[in-house]
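Participant: In case it helps, the numbering used here puts the sequence shown at residues 1 to 443.
Okay, here's the structure, questions in a sec.
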Amino acid sequence: MQAEPKNSLVGQEYEVEVGPVAHGGHCVARTEEGQVLFVRHALPGERVVARVTEGDESSRFLRADAVTVLDASKDRVQAPCPYAGPGRCGGCDWQHAKPGAQRRLKGEVIAEQLKRLAGLTPEEAGWDGTVMPAEGDKLPAGEVPSWRTRVQYAVDPESGRAGLRRHRSHEVEPVDHCMIAAEGVSELGIEQREWAGMESVEAIAATGSGDRQVILTPRPGARLPLVELDRPVSVLRVEEKDGGVHRVHGRPFVRERADGRTYRVGNGGFWQVHPKAADTLVTAVMQGLLPRKGEMALDLYCGVGLFAGAIADRVGEEGAVLGIESGKRAVEDARHNLAAFDRVRIEQGKVESILPRTGITEVDVIVLDPPRAGAGKQTVRHLTGLGARRIAYVACDPAALARDLGYFREGGYKVRMLRAFDLFPMTHHVECVAILEPAVKGA
Numbered sequence: 001m002q003a004e005p006k007n008s009l010v011g012q013e014y015e016v017e018v019g020p021v022a023h024g025g026h027c028v029a030r031t032e033e034g035q036v037l038f039v040r041h042a043l044p045g046e047r048v049v050a051r052v053t054e055g056d057e058s059s060r061f062l063r064a065d066a067v068t069v070l071d072a073s074k075d076r077v078q079a080p081c082p083y084a085g086p087g088r089c090g091g092c093d094w095q096h097a098k099p100g101a102q103r104r105l106k107g108e109v110i111a112e113q114l115k116r117l118a119g120l121t122p123e124e125a126g127w128d129g130t131v132m133p134a135e136g137d138k139l140p141a142g143e144v145p146s147w148r149t150r151v152q153y154a155v156d157p158e159s160g161r162a163g164l165r166r167h168r169s170h171e172v173e174p175v176d177h178c179m180i181a182a183e184g185v186s187e188l189g190i191e192q193r194e195w196a197g198m199e200s201v202e203a204i205a206a207t208g209s210g211d212r213q214v215i216l217t218p219r220p221g222a223r224l225p226l227v228e229l230d231r232p233v234s235v236l237r238v239e240e241k242d243g244g245v246h247r248v249h250g251r252p253f254v255r256e257r258a259d260g261r262t263y264r265v266g267n268g269g270f271w272q273v274h275p276k277a278a279d280t281l282v283t284a285v286m287q288g289l290l291p292r293k294g295e296m297a298l299d300l301y302c303g304v305g306l307f308a309g310a311i312a313d314r315v316g317e318e319g320a321v322l323g324i325e326s327g328k329r330a331v332e333d334a335r336h337n338l339a340a341f342d343r344v345r346i347e348q349g350k351v352e353s354i355l356p357r358t359g360i361t362e363v364d365v366i367v368l369d370p371p372r373a374g375a376g377k378q379t380v381r382h383l384t385g386l387g388a389r390r391i392a393y394v395a396c397d398p399a400a401l402a403r404d405l406g407y408f409r410e411g412g413y414k415v416r417m418l419r420a421f422d423l424f425p426m427t428h429h430v431e432c433v434a435i436l437e438p439a440v441k442g443a
């Protein structure tokens, strides 16, 4: 561990009034000297003692944990998880807040990002300001939805026990049970085994099929352990040389169900983590786009073809769908999943590289689900030139969404409607679907 610099403020405690929530799972406060604090484990309006965890006298801001609550918010609850709290597991951000308050805080973050980065009020974005819970997640305070169908456990190098990383740290918090893990993950008993020589163990419990998968990442030179778990499971490993994922035992994929269709997802590829997320997002996107028979559609960052399949169903044999995805295995899965559709084509490569080379100059509808960094100005500029009557933007980061909505606005599009979903309860993450259309009809 590196020695702290002489002017480090780590460990310093300040009594502060907690201000508004900020993007990232913390609230903003200021010391009497005016230094900005990003405080975790606090809620707006509280008075707390905040202990600095990162920063020094020259830092633009300090990171801190609320270690003592002097004046509690009415939205505060005792964290249900025994591993939540200052210096403990970093997987959740809002265990100490009522479920309704968590969603309200996420809504405040979305509104702030829209205003600051896109110049939009909620009304201008066609949004009522609410963040909707997923089906089945509206539980009383103190109860925790078990929603995470994919959990990546870190392994403590000394004990070999599986756990979760502490906030902004490589240190492992050993756990006996993760409360937000889906039942199919918990039943594997990952936390009750020793994983000597492993860097991480990822557990996957597919929605609808019952498929379970474990992906092992060994430390350099380590041998794989004999995997004996409490349920039948496929086992994959991450290769040290190339980072590729290879089958050890069982299927190299899981089968996920969404929108009435089964999707193959191979080698630990991307799929929404909440069991209701895929259906929730498909419904929101289709209600926003309203694809018509015979239309031409783009599905960008298409993954294994979730939205492409839903659109293909609706545009019919007279229509066409082009999907673009950078991941080789995801493209293979998408082509397999959508093989029944003659008018669906999946191209492999980065969107910003492939899209200009397609020769497409006009489309009817577009859906894009970019990575956390967003689509970016270059891609948005290209999309606004294709004349789509509707565009659906699926976003897991409100800041990236807001930046890109600003670019769409510059390109002549307006936000018709925005919906927000709490598909990551107890964390600061939130999913949004924005529906855009030309600002001038007939443009």
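Using N, Cα and C, we set each Cβ at its ideal position, and we do this for glycine too.
Source: prediction; values computed, not measured.
Between the region 391 to 408 and the region 107 to 116, do at least 3 Cβ pairs fall closer than 8 Å?
Facilitator: Yes: the two stretches touch, three or more of their Cβ pairs being nearer than 8 Å.
Participant: Leaving aside the five residues before and after A222 along the sequence, list all residues of the same chain whose C-beta is less than 6 Å from its C-beta, in chain order.
Facilitator: Closer than 6 Å at the Cβ level, and outside the excluded window around A222, lie G197.
Participant: Measure the C-alpha to C-alpha separation of A284 and L226 and round it to an integer number of angstroms.
Facilitator: Distance between the alpha carbons of A284 and L226 is about 43 Å.
Participant: Rounded to the nearest angstrom, what separates C81 and A97 at their Cα positions?
Facilitator: About 12 Å.
Participant: Could you compute how far the alpha carbon of H428 sits from the alpha carbon of A297?
Facilitator: Looking at the two C-alpha atoms, the distance is approximately 32 Å.
Participant: Going by DSSP, what residues sit across from P174 in a beta bridge?
Facilitator: The partner list for P174 (beta bridge, DSSP) reads G163.
Participant: Could you check which residue in W147, S73, Q348, V16 has the C-alpha nearest to that of C92?
Facilitator: Of W147, S73, Q348, V16, the residue nearest in Cα terms is W147.
Participant: Note down the Cα distance separating V315 from K414, rounded to an integer number of angstroms.
Facilitator: Near 24 Å, if we compare the C-alpha coordinates of K414 and V315.
Participant: From the DSSP secondary-structure annotation, give me the bridge partner or partners of P86.
Facilitator: Paired residues: none, contrary to the question.
Participant: Would you say R212 and A203 are within 9 Å of each other, going by their C-beta atoms?
Facilitator: Their beta carbons are under 9 Å apart, which means R212 touches A203 by this criterion.
Participant: Here's the rule: buried if 16 or more other CB atoms are within 10 angstroms of the residue's CB, otherwise exposed. What is K293?
Facilitator: When all chains shown are included, K293 counts as exposed.
Participant: By how many angstroms is the C-alpha of W94 removed from the C-alpha of T130?
Facilitator: Approximately 17 Å between the Cα atoms of the pair.
Participant: Do you know how far the Cα of A277 is from the Cα of D422?
Facilitator: So the alpha carbons of these two residues sit roughly 9 Å apart.
Participant: Distance check for E191 and T379, CA to CA, integer angstroms please.
Facilitator: C-alpha separation (whole angstroms): 43 Å.
Participant: In terms of alpha-carbon separation, which member of T262, A434, P275 lies closest to E135?
Facilitator: Cα-wise, what sits closest to E135 is P275.
Participant: Which same chain residues end up closer than 6 Å to D369 when comparing Cβ atoms and leaving out the 5 residues on each side of it in sequence?
Facilitator: Cβ neighbours of D369 beyond the five flanking positions: Y301, V394.
Participant: Does the Cβ of K441 have 16 or more other Cβ atoms within 10 Å, making it buried, or fewer, making it exposed?
Facilitator: Per the 10 Å Cβ criterion, exposed.
Participant: Could you check the C-alpha separation between A334 and L216 for me, to the nearest Å?
Facilitator: Near 24 Å, if we compare the C-alpha coordinates of L216 and A334.
Participant: With DSSP run on the structure shown, which of helix, strand or coil describes G309?
Facilitator: Correct three-state label for G309: helix.
Participant: Of the residues V18, G25, V248, which one's Cα is nearest the Cα of G45?
Facilitator: Taking only the C-alpha atoms, the option nearest G45 is V18.
Participant: Whole angstroms are fine: how far does the CA of E410 sit from the CA of A154?
Facilitator: Approximately 43 Å between the Cα atoms of the pair.
Participant: Relative to the alpha-carbon of R329, which residue among R264, A373, A439 has its alpha-carbon at the smallest distance?
Facilitator: That would be R264, whose Cα lies nearest to the Cα of R329.
Participant: In angstroms, rounded to a whole number, what distance separates the CA positions of R525 and R103?
Facilitator: For residue 525 there is no data in the structure shown, the boundaries of the chain being 1 and 443.
Participant: Mind checking which residues open and close the alpha helix (DSSP H) that includes F408?
Facilitator: Taken as a continuous stretch (DSSP letters only), the alpha helix (DSSP H) holding F408 covers 398 to 410.
Participant: Alpha carbon to alpha carbon, what distance is there between E295 and V363?
Facilitator: Cα to Cα, V363 sits roughly 8 Å from E295.
Participant: Do you know whose CA, among V238, E347, R372, lies nearest R357's CA?
Facilitator: Of the listed residues, the one whose Cα sits closest to R357 is E347.
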